[in-house]
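Read through the structure below, which is laid out as structure tokens, and then see the notes.
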Amino acid sequence: MLVTGVARQLGGRFVRRILRDPEVDRVVGVDAVPPEHHLGGADFVQADIRQPTIARVVAETGADTVVHLDVTGTPLVSGSRTSLKETNVIGTMQLLGACQKSPSIKRLVVKSSTNVYGSAPRDPAVFTETTPPKSLPSGGFAKDTVEVEGYVRGFARRRPDVAVCVLRFANILGPAADSPLASYFSLPVLPTVFGYDPRLQFVHEDDVIEVLRIGSHEPRRGTLNSGTFNIAGDGVLLLSQCSRRLGRPTVPLLLPAVTWAGSLVRTLGMTDFSPEQIRLLTHGRVVATDQMRETLGFTPKYSTAETFADFARSRGPGLLPPEALAGAVDRIAALPLPGSGHSPTQSAN
Amino acid sequence: MADAKVIPFDDDHRPRGGAAQRPSRRRSPGSRRQGPAQAAAVGEVQPLPGVASVREDDPVTGEDEQPQPQEQTGDGSGAGGLERRVASGLAFLRRRLTGDYEVDDFGYDEELTDQVLMSLLRPVYEKYFRVEVKGIENIPSEGGALIVANHSGTVPVDGLMMQVAVHDRHPADRHLRLLAADLVFVLPVVNELARKLGHTLACAEDAERLLARGELVGVMPEGFKGIGKPFGERYKLQRFGRGGFVSTALRQRAPIIPCSIVGAEEIYPMIGNAKTLARLLGFPYFPLTPTFPWLGPLGAIPLPTKWTIQFGEPIPTDGYPPEAAEDPMLMFNLTDQVREQIQHTLYKLLVQRRSVFF
Chain A
369 MLVTGVARQL GGRFVRRILR DPEVDRVVGV DAVPPEHHLG GADFVQADIR QPTIARVVAE
429 TGADTVVHLD VTGTPLVSGS RTSLKETNVI GTMQLLGACQ KSPSIKRLVV KSSTNVYGSA
489 PRDPAVFTET TPPKSLPSGG FAKDTVEVEG YVRGFARRRP DVAVCVLRFA NILGPAADSP
549 LASYFSLPVL PTVFGYDPRL QFVHEDDVIE VLRIGSHEPR RGTLNSGTFN IAGDGVLLLS
609 QCSRRLGRPT VPLLLPAVTW AGSLVRTLGM TDFSPEQIRL LTHGRVVATD QMRETLGFTP
669 KYSTAETFAD FARSRGPGLL PPEALAGAVD RIAALPLPGS GHSPTQSAN
Chain B
8 MADAKVIPFD DDHRPRGGAA QRPSRRRSPG SRRQGPAQAA AVGEVQPLPG VASVREDDPV
68 TGEDEQPQPQ EQTGDGSGAG GLERRVASGL AFLRRRLTGD YEVDDFGYDE ELTDQVLMSL
128 LRPVYEKYFR VEVKGIENIP SEGGALIVAN HSGTVPVDGL MMQVAVHDRH PADRHLRLLA
188 ADLVFVLPVV NELARKLGHT LACAEDAERL LARGELVGVM PEGFKGIGKP FGERYKLQRF
248 GRGGFVSTAL RQRAPIIPCS IVGAEEIYPM IGNAKTLARL LGFPYFPLTP TFPWLGPLGA
308 IPLPTKWTIQ FGEPIPTDGY PPEAAEDPML MFNLTDQVRE QIQHTLYKLL VQRRSVFF
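Quick mapping for you: the protein sequence lines, in order, are chains A and B.
Using the numbering used here, you'd call the opening residue of the first sequence number 369 and step up by one each time.
Using the numbering used here, you'd call the opening residue of the second sequence number 8 and step up by one each time.
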């Protein structure tokens with residue numbers, strides 16, 4: 369089994385987990401930089417998937433399963449957006465080219481993202497795997513994923529003997545997540561877009577590892593693990609709910625101001641507040657996970673709210689911890705009644 | 008008043024039944040039970056100006072329960088009731104502040120809708136437009152159903168009033184999920200409130216998903232053609248879109264409930280349309296009424312018309328074979344049937360109406 373992108377937390381965790389499965393004889397991890405974390409006994413090959421050397425790695429290892437995790441939105445080591453895009457798109461092209469020549473490959477798993485649906489007010493409220501996006505993402509990571517999926521579809525057409533599994537993950541959160549959204553939620557004060565309260569969906573890191581395992585093994589009875597699947601936890605959280613549960617106050621800004629502030633923050637390199645991120649935090653995105661349950665046979669352990677709770681625990685309290693607010697309300701409740709009491713209901717909006 | 012020219016249609020054999028079935032104007036579940044008996048007494052009396060004042064008295068009893076209709080206990084034992092209300096209000100505040108509440112996939116915030124947004128809309132529904140609801144029993148107590156209504160009034164207040172009507176009057180506490188135009192989801196603040204009220208984009212995917220979950224879905228297929236039509240064309244139904252709502256209902260085998268709303272046409276009599284301004288602002292039309300924009304924000308106050316919302320008899324769709332949704336001929340026929348039924352009911356209600364404002 370060959371796994372790309374192992375220098376990242378997610379790749380490293382996946383490699384360590386998959387090594388424990390009895391069906392797996394050997395795992396080769398590939399990345400352009402050596403990982404800081406240990407790979408639990410897996411072989412590591414330092415190779416840049418943007419270079420043709422990857423073809424030699426695929427041929428020499430004779431891997432029967434390729435798990436492509438090196439499609440990401442955040443650069444690993446102070447890389448620019450251009451090099452990230454190259455890794456995402458050119459890297460995928462090189463890897464797929466290598467896989468096409470390899471006679472031993474049986475299975476390909478690609479990590480994608482629900483970013484492919486874009487985020488627009490004219491979209492249906494819930495995306496299924498077949499919903500065509502009303503407005504394609506114009507740039508950034510979202511456009512990369514659209515292009516990556518395009519190449520993967522081409523590969524699946526040319527190599528019908530290979531089982532191809534494209535997993536569209538919702539925003540990945542968890543104690544160790546390093547996604548742009550995780551860094552956004554780590555800001556002390558959350559800038560939001562005035563007049564919009566997006567619906568967000570999260571998937572827990574543990575569930576990501578689990579579903580990648582399902583994708584890279586033989587399908588269990590009654591399930592099918594080739595195709596495209598949305599992966600997300602149950603339920604939906606509004607951004608306002610997230611900020612309240614996290615205890616971080618929000619600063620509503622007008623949309624142009626948010627765009628401007630986003631570019632400023634990006635220039636300063638504090639957090640990757642890309643345009644598609646702003647669109648997500650404006651209009652939100654919810655995907656249907658019926659295919660994941662029925663066809664792939666996977667039930668996530670964490671719901672969206674539980675994922676977020678786990679993430680919030682790992683981040684420490686914000687400026688307005690929900691416990692303190694709840695305590696304050698309880699103290700008011702304990703006070704003797706001072707007259708008219710039904711005003712809180714009206715002001716709670 | 009200067010009503011639209013009304014041509015009374017044949018078989019006018021149900022008006023009295025409709026009047027007798029008019030439920031009482033109270034909202035609390037207790038009085039809803041005894042509704043028919045009370046309504047029978049009131050129903051015989053034709054609504055004359057004198058009666059109007061009697062009926063004005065009725066909701067006053069319900070007035071003090073408005074902030075928190077859920078906590079109304081009836082006994083009104085001073086401090087105890089107040090304390091309970093304060094406690095539940097604080098519990099609500101606590102849940103809101105800590106984000107400990109649920110929304111569904113469409114962003115529908117049931118708690119906020121029930122406790123706050125409906126309380127804000129209710130005075131408009133009860134006091135301002137004095138909405139009279141007929142045929143609420145035509146809405147099934149469970150399972151998906153598609154309510155198809157006429158659309159009018161320049162600003163889509165009629166949808167909101169229909170939502171309050173279903174929410175407050177239906178015995179099974181059903182929630183109406185409206186399908187709204189895409190413009191609603193483009194505008195800031197409006198989109199947020201619409202999502203929290205349970206509205207979603209008017210597209211086949213969302214409608215089918217809601218119906219499949221057994222929700223009550225409301226749609227106004229006339230769209231902007233309906234609300235943006237000039238005052239002279241009031242109560243003339245426009246084209247019903249492309250009839251997509253029929254194929255959606257057929258696919259989900261949900262009954263179609265035609266709904267006629269009288270009174271909404273006159274809230275903003277649109278005498279002109281500033282097309283250039285509308286194009287500049289990106290709106291489908293920019294209304295000019297006798298008061299708006301001449302009187303500024305004051306001119307944006309709707310006229311206090313008296314409304315009637317009548318839910319018609321459901322048109323079942325489960326008798327058709329599964330491939331019926333692909334049959335354009337059947338789709339057009341059903342669309343016309345729904346349209347005609349709404350138009351007939353509109354004319355009937357207009358004949359019964361004494362005046363626009365009372």
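Positions of the beta carbon are idealized from the N, C-alpha and C atoms, including for glycine.
All values reported here derive from a predicted model rather than from experimental measurement.
Taking only three categories from DSSP, how would you classify residue 299 of chain B? coil
Measure the CB-CB distance between residue 112 of chain B and residue 493 of chain A and report whether it falls below 8 angstroms. yes
Out of A:661, A:652, A:621, A:398, which has the shortest C-alpha to C-alpha gap to residue 485 of chain A? A:652
Listed by chain order, chain A residues near residue 175 of chain B by CB distance under 7 angstroms: In chain order: nothing, as chain A lies at least about 18 angstroms away.
I want to verify the contact list: residues of chain A whose CB lies under 7 angstroms from the CB of residue 195 of chain B, in sequence order. 562, 563, 564
Check whether the Cβ of residue 599 of chain A lies closer than 8 angstroms to any Cβ atom in chain B. no
In the DSSP assignment, the alpha helix (DSSP H) including residue 467 of chain A goes from what residue to what residue? 449-469
Nearest CA to the CA of residue 515 of chain A: which residue from A:488, A:459, A:554? A:459
Nearest-angstrom Cα distance between residue 203 of chain B and residue 607 of chain A? 13 angstroms
Interface partners of residue 111 of chain B on chain A, CB under 9 angstroms: 603, 604
Please check if any C-beta of chain A sits within less than 8 angstroms of the C-beta of residue 152 of chain B. no
For residue 278 of chain B versus residue 305 of chain B, is the C-beta spacing smaller than 8 angstroms? no
Quick test of the definition: if touching needs 3 or more C-beta pairs under 8 angstroms, does the region 538-549 of chain A touch the region 569-577 of chain A? yes
Within 8 angstroms of any Cβ in chain B, is that where the Cβ of residue 647 of chain A sits? no
What are the residues of the region 486-508 of chain A that lie near chain B, defined by any Cβ-Cβ distance shorter than 8 angstroms? 489, 490, 491, 492, 493, 494, 496, 499
Classify residue 301 of chain B: buried if its beta carbon has 16 or more other beta carbons within 10 angstroms, exposed otherwise. exposed
Please list the partners that residue 198 of chain B has in chain A, where partner means a Cβ-to-Cβ separation under 9 angstroms. 489, 563, 564, 565, 651
Counting only C-beta atoms, is residue 613 of chain A closer than 8 angstroms to chain B at any point? yes
Tell me the DSSP bridge mates of residue 141 of chain B? B:317
Closest by CA to residue 391 of chain A, which one among A:582, A:593, A:633? A:582
Using a threshold of 7 angstroms, is the CB atom of residue 206 of chain B nearer than that to any non-hydrogen atom of the ligand FMN? Here there are no bound small molecules, and the ligand FMN is not part of this structure.
Quick one: is residue 406 of chain A buried, meaning 16 or more other Cβ sit within 10 Å of its Cβ, or exposed? exposed
Are the C-beta of residue 694 of chain A and some C-beta of chain B separated by less than 8 angstroms? yes
With DSSP collapsed to three states, give me the class of residue 654 of chain A. coil
Beta-carbon separation of residue 561 of chain A and residue 650 of chain A under 8 angstroms? yes
Nearest neighbour of residue 566 of chain A, chosen from A:537, A:426, A:520, A:654 [CA to CA]: A:654
Under the assumption that residue 215 of chain B contacts residue 255 of chain B (Cβ atoms under 8 angstroms), give the Cβ distance between them as a whole number of angstroms. 6 angstroms
Short check: CB of residue 535 of chain A to CB of residue 599 of chain A, under 8 angstroms? yes
With a threshold of 16 other CB atoms inside 10 Å of the CB of residue 198 of chain B, please say whether the residue is buried or exposed. buried
Against residue 252 of chain B, what residues of chain A qualify as contacts under a CB-to-CB distance less than 9 angstroms, listed in chain order? Those do not exist, as residue 252 of chain B stays about 15 angstroms from chain A at its closest Cβ, beyond 9 angstroms.
Could you say if the region 613-631 of chain A and the region 119-137 of chain B meet the contact criterion of at least three C-beta pairs nearer than 8 angstroms? no
Are at least three pairs of beta-carbons, each pair with one atom in the region 511-525 of chain A and one in the region 682-690 of chain A, less than 8 angstroms apart? no
Among the residues of its own chain, which have a CB less than 7 angstroms from the CB of residue 470 of chain A, if the five just before and after it don't count? 426, 427
Which same chain residues, not among the five before or five after residue 479 of chain A, have their C-beta less than 7 angstroms away from its C-beta? 436, 437, 439, 535, 537
Report yes or no: is there a C-beta of chain A within less than 8 angstroms of the C-beta of residue 3 of chain B? No statement about residue 3 of chain B is possible, as the shown extent of chain B runs from 8 to 365 and does not include it.
Let me know the secondary structure DSSP gives residue 187 of chain B once reduced to three states. strand
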